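Enquirer:
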Amino acid sequence: MTDYPALTLETPAEHPFAQFVRILGKGKRGARDLTREEAREAMGMVLDNKVEDTQLGAFLMLLRHKEESAEEMAGFTEALRERLKAPALKIDLDWPTYAGKKRHLPWYLLAAKCLAQNGVRIFMHGAGAHTAGRLYSEQLLEALKIPLCRNWQQVGAALDNGGLAFMPLVDWAPQLQRMIDLRNTLGLRSPIHSLTRILNPLGARCGLQSIFHPGYQAVHRDASGLLGDTAIVVKGDGGEIEINPDADSHLYGTTGGERWDEEWPQLSAQRHVKPASLDPEHLKAVWRGDVVDSYPQMALISTMALALRGLGQNREQAFETAHQYWDARDRSI
8 MTDYPALTLE TPAEHPFAQF VRILGKGKRG ARDLTREEAR EAMGMVLDNK VEDTQLGAFL
68 MLLRHKEESA EEMAGFTEAL RERLKAPALK IDLDWPTYAG KKRHLPWYLL AAKCLAQNGV
128 RIFMHGAGAH TAGRLYSEQL LEALKIPLCR NWQQVGAALD NGGLAFMPLV DWAPQLQRMI
188 DLRNTLGLRS PIHSLTRILN PLGARCGLQS IFHPGYQAVH RDASGLLGDT AIVVKGDGGE
248 IEINPDADSH LYGTTGGERW DEEWPQLSAQ RHVKPASLDP EHLKAVWRGD VVDSYPQMAL
308 ISTMALALRG LGQNREQAFE TAHQYWDARD RSI
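In terms of our numbering, the sequence shown opens at residue 8 and continues consecutively.
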């Protein structure tokens, strides 16, 4: 005798998260952005593991297709901050590093290391090697003697000892790491890759952000402004916080809820030739002063200047200070 599945005679109750998928996916005329409050509630459910996997995939891809708004980003960030059990640590710069480099070495790591030697307290965070063909910060921490911290206590100790700490996203926001790791399942990056730039989990004096795709820089600036953060957003080299000396740079800033913009002209008279390969030993050689290379010199000096601009110096002061810091660095590595 054949066993047939039971008939559904009563309409199942709708899942509480379904409303947010519906808001985003109701078609060209019916769909809309989430409000800040809706975004906070939706991300709260995601972080609390109250969402089905099918809902999460649909939600992320609908956001990706629509392109997230500043209000959505602010709401998502608020949900994470409400759940983050982090100690009160004095931080000057929040430095997200999620893109990886493929054209040039990550000179921003030397910039951060040099700033830290001069009393600037920097919290870096990233999500590991999620895209093939790129060189990520995590792969160079040991070689460059940048402390890898796996809990907040280690972060505090590293900051007190040397001014620079790196903590993987998986250790303080594992749900966000899981969503980033869906990239190879869904075939596309989700908005979480962008969201991580805004989070500023320890409330640093300034959050630095690099957003590669045109048009997103202003959205990120506005999201940070809604959150009351001081931030500078740039189109950094390869998507990392690193000024490209071969191109003009536009700084999208927000301070005290006020937007500001600044144009930085390219530093190099002619474009540098891309290196044939990325050799991490070259980073150490430049730090020690064993080799003279104009591209990294310009890139790391201007990246330090960007950070100092975020901490209140004007452009001219920032470049002067950056040069002083670099010339006086402890070259041991």
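All C-beta atoms, glycine included, are put in the ideal place defined by N, C-alpha and C.
Being a predicted model, the structure only gives us computed values, none of them experimental.
Just to confirm, is the Cβ distance from Glu89 to Arg43 under 8 Å?
Expert: One-based indexing of the sequence shown puts residue 89 at position 82. One-based indexing of the sequence shown puts residue 43 at position 36. Cβ distance not < 8 Å, so Glu89 and Arg43 don't count as in contact.
Enquirer: May I have the straight-line CA-CA distance separating Arg157 from Gly163, to the nearest angstrom?
Expert: Locating residue 157 in the sequence shown gives position 150, counting from the first residue. Locating residue 163 in the sequence shown gives position 156, counting from the first residue. Going from the Cα of Arg157 to the Cα of Gly163 covers about 11 Å.
Enquirer: Can you grab the Cα-Cα spacing for the pair Trp267 / Ser339, in whole Å?
Expert: Taking the sequence shown and counting its residues from 1, one reaches residue 267 at position 260. Taking the sequence shown and counting its residues from 1, one reaches residue 339 at position 332. Between Trp267 and Ser339, the C-alpha separation is close to 38 Å.
Enquirer: Which full runs of the beta strand (DSSP E) of 3+ residues lie inside the region 224-249, going along the chain?
Expert: List check, beta strand (DSSP E) in window: 238-241.
Enquirer: Output the boundary residues of the alpha helix (DSSP H) element that contains Glu323.
Expert: In the sequence shown, residue 323 corresponds to position 316, counting from 1. Note, Glu323: alpha helix (DSSP H), Arg322 to Asp334.
Enquirer: Select from Phe130, His22 and Ala329 the residue whose C-alpha is nearest the C-alpha of Glu59.
Expert: Here residue 59 refers to the residue found at position 52 of the sequence shown. Out of Phe130, His22 and Ala329, His22 has the C-alpha closest to the C-alpha of Glu59.
Enquirer: Look at Leu195 and Met68 and say whether their C-beta atoms are less than 8 Å apart.
Expert: Numbered from 1 along the sequence shown, position 188 holds the residue referred to as residue 195. Numbered from 1 along the sequence shown, position 61 holds the residue referred to as residue 68. It is a contact, given that the beta carbons lie within the stated cut-off.
Enquirer: When you measure from the CB of Arg128 to every non-hydrogen atom of the ligand FMN, does any distance come out below 7 Å?
Expert: In terms of ligand content, the structure shown is empty, and the ligand FMN therefore cannot be addressed.
Enquirer: Evaluate the contact criterion for the region 134-152 versus the region 169-177: three or more CB pairs, one atom per stretch, below 8 Å.
Expert: Judged by Cβ distances under 8 Å, the region 134-152 makes contact with the region 169-177, as three or more pairs qualify.
Enquirer: Within the chosen definition, does the region 90-106 reach the region 205-212 through at least 3 CB pairs nearer than 8 Å?
Expert: Short answer: they touch.
Enquirer: Comparing alpha-carbon positions, which option in Asp253, Phe219 and Thr262 lies nearest Glu247?
Expert: Sequence index remark: in the sequence shown, residue 247 carries index 240 (1-based). Among Asp253, Phe219 and Thr262, the Cα nearest to that of Glu247 is on Phe219.
Enquirer: If we call anything under 8 Å between Cβ atoms a contact, is Cys213 one with Ile239?
Expert: By 1-based counting over the sequence shown, the position of residue 213 is 206. By 1-based counting over the sequence shown, the position of residue 239 is 232. In this structure, Ile239 lies closer than 8 Å to Cys213 by Cβ.
Enquirer: How many Å lie between Phe83 and Leu14 at the Cα?
Expert: Here residue 83 refers to the residue found at position 76 of the sequence shown. Here residue 14 refers to the residue found at position 7 of the sequence shown. Spanning the two alpha carbons is a distance of roughly 39 Å.
Enquirer: Skipping 5 residues on each side, what residues in its chain have a beta carbon closer than 6 Å to that of Leu70?
Expert: By one-based count along the sequence shown, residue 70 stands at place 63. Excluding positions up to five away in sequence, the list reads Pro198.
Enquirer: First and last residue of the alpha helix (DSSP H) that includes Pro23?
Expert: Translated into the one-based positions of the sequence shown, residue 23 becomes position 16. Note, Pro23: premise wrong, no alpha helix (DSSP H); not H, not E.
Enquirer: Would you tell me roughly how many angstroms separate the C-alpha atoms of Leu189 and Ala254, rounded to the nearest one?
Expert: Position 182 of the sequence shown, counted from the first residue, corresponds to residue 189. Position 247 of the sequence shown, counted from the first residue, corresponds to residue 254. Approximately 33 Å, taken between the alpha carbons.
Enquirer: Residues in its own chain within less than 8 Å of Val28 by CB, not counting five upstream and five downstream?
Expert: In the sequence shown, residue 28 corresponds to position 21, counting from 1. Cβ within range, chain order: Gln62, Ala65, Phe66 and Leu69.
Enquirer: Classify His200 as helix, strand or coil using the three-state DSSP reduction.
Expert: Residue 200 sits at position 193 when you count from the first residue of the sequence shown. Helix.
Enquirer: Taking buried to mean at least 16 other C-beta atoms within 10 Å of its own C-beta, is Gly232 buried or exposed?
Expert: Position 225 of the sequence shown holds residue 232. When all chains shown are included, Gly232 counts as buried.
Enquirer: Take Gln184 and list the residues in its own chain whose beta-carbon comes closer than 7 Å to its own, dropping the five residues that flank it on each side.
Expert: Along the sequence shown, one-based indexing puts residue 184 at 177. The answer, listed in chain order, is Ala134, Leu176 and Val177.
Enquirer: Could you tell me if Glu335 is buried or exposed, where buried requires 16 or more neighbouring beta carbons within 10 angstroms of its beta carbon?
Expert: Residue numbering aside, residue 335 sits at position 328 when the sequence shown is read from its first letter. Note on residue identity: the sequence assigns Ala, not Glu, to residue 335. It counts as exposed.
Enquirer: Hey, would you say Val293 sits closer than 8 Å to Leu117, going by beta carbons?
Expert: On the sequence shown, position 286 is the one that residue 293 refers to. On the sequence shown, position 110 is the one that residue 117 refers to. Their beta carbons are under 8 Å apart, which means Val293 touches Leu117 by this criterion.
Enquirer: Can you tell me whether Phe130 is helix, strand or coil according to DSSP?
Expert: As a working mapping, residue 130 is identified with position 123 in the sequence shown. Correct three-state label for Phe130: strand.
Enquirer: Please classify Asp236 as buried or exposed, where buried requires at least 16 neighbouring CB atoms within 10 angstroms.
Expert: In the sequence shown, residue 236 corresponds to position 229, counting from 1. It counts as buried.
Enquirer: Between the C-alpha atoms of Asn56 and Ala49, what's the straight-line distance to the nearest angstrom?
Expert: Here residue 56 refers to the residue found at position 49 of the sequence shown. Here residue 49 refers to the residue found at position 42 of the sequence shown. When rounded, the distance between both Cα atoms is 11 Å.
Enquirer: Between the Cα of Gly319 and those of Leu54, Ala139 and Asp99, spot the shortest distance and give me the residue it belongs to.
Expert: In the sequence shown, residue 319 corresponds to position 312, counting from 1. Minimum Cα distance to Gly319 is reached at Asp99.
Enquirer: Out of Lys73, Lys108, Leu54 and Trp102, point me to the one whose CA is closest to Asn85's CA.
Expert: Taking the sequence shown and counting its residues from 1, the one referred to as residue 85 is at position 78. Note on identity: in this sequence residue 85 is Glu, with Asn being the wrong assignment. Glu85 has its Cα closest to that of Leu54, out of Lys73, Lys108, Leu54 and Trp102.
Enquirer: Would you mind sorting Lys242 into buried or exposed? The rule is 16 or more other CB atoms within 10 Å of its CB.
Expert: Numbered from 1 along the sequence shown, position 235 holds the residue referred to as residue 242. Buried.
Enquirer: Taking the alpha helix (DSSP H) that His257 falls in, what are its first and last residues?
Expert: The count along the sequence shown starts at 1 and reaches residue 257 at position 250. That residue, His257, is in no alpha helix (DSSP H); its beta strand (DSSP E) goes Ser256 to Thr262.
Enquirer: For Arg346, list the residues DSSP reports as bridge partners.
Expert: A question about residue 346 goes unanswered here, because the residues of the chain that appear run from 8 up to 340.
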